[in-house]
Structures are given as C-alpha cells and as structure tokens.
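See below for the structure under consideration.
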Amino acid sequence: MAPRYEMSVGLHKGHRTTKIRVSKSKTVRDRRHTIRPARLKGIQTKHTKFVRDLVREVCGHAPYEKRAMELLKVSKDKRALKFLKRRTIEPMYIEGDLSKQTLLLLQLGTHIRAKRKREELSNILTQMRKAQAQAK
1 MAPRYEMSVG
11 LHKGHRTTKI
21 RVSKSKTVRD
31 RRHTIRPARL
41 KGIQTKHTKF
51 VRDLVREVCG
61 HAPYEKRAME
71 LLKVSKDKRA
81 LKFLKRRTIE
91 PMYIEGDLSK
101 QTLLLLQLGT
111 HIRAKRKREE
121 LSNILTQMRK
131 AQAQAK
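Numbering (UniProt numbering), first residue to last: 1 to 136.
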C-alpha cells in the first residue's frame, strides 16, 4: 500500500509501492528475494494440479491423445511425435489490410510441446501397466 504523501525529490522520491515477495521458507535471507509477477505465470499450484487431475478423471483423454497412446503402445515413438506435432492448432493472421484480415488455423505445433505431450502420455501408459500388474 502506498503511503499518504509521496516525495517528489530526494533519496526516496516517487510513488512508493510494495514489492511482491514470493518465498516458501521463513528465513530472513530468502524473504528478501523478490520475483516479478511475469515470472509466476507458469507455476503450477496445488489447486490447479487438483483441478486438472479432476478434469482428466471425469472427461478422459481427447481422441488425438488416444491415437497417440496407441502409437506409443506399438513402440512408434517417432511417429507419435510427428502426429502430436501436427495436432496443435495455432491461430495465424494473413498480412494485409486490417479490415480484410482473415484468420487461418494452421497446424503448427511446436516440437517442444509435442515432446512434452508424448512424455506425459508415455508416463500415463506406464502407470496403467503398473495398475494392471498390481490387479493381477
């Protein structure tokens, strides 16, 4: 919270603000460490992990994920990677007049995202195999 009166000149001039402090530990040294809000974007909290797991449990897998898992079952890792790479759809605008801009949906998935998805699906397959082995 900003103080009531800001100073316009001097050592501590300008609008006073409080920094966003992010630290799990209670030590004084770590509490001084600050992180910019933009750096907090990709952090997965307990709540988001819980929600994603719940949605996965209720909805199951998407059809393209099922197909990729079938490819992984028969040891076609490279083919699964190529398949997943083409599944990601990103919007792209054509250059030109702003009033006549049309939206193209190009299937341009990134290699890194496809690798991450393949790893996730292979982990799910190993968990399913372990569960089947324990059931027997």
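Glycine included, every Cβ here is placed at the ideal spot set by N, Cα and C.
Please confirm whether residue i and residue j have their CB atoms less than 8 Å apart.
i      : j      : result
GLU65  : LEU125 : no
LYS117 : LEU71  : no
Which first and last residues belong to the alpha helix (DSSP H) in which residue i is found?
i      : result
LYS47  : According to the sequence provided, residue 47 is His. The question's Lys does not apply to it. Per DSSP, HIS47 belongs to the alpha helix (DSSP H) from 46–59.
PRO63  : 63–73
ILE43  : Counting along the chain, ILE43 falls outside any alpha helix (DSSP H), and DSSP gives it neither H nor E.
GLU120 : 111–135
LEU81  : 77–87
Let me check one thing: in DSSP terms, what residues is residue i bridge-paired to?
i     : result
GLY14 : MET7
Do the stretch 50–64 and the stretch 72–81 meet, that is, are 3 or more Cβ pairs less than 8 Å apart?
-> no
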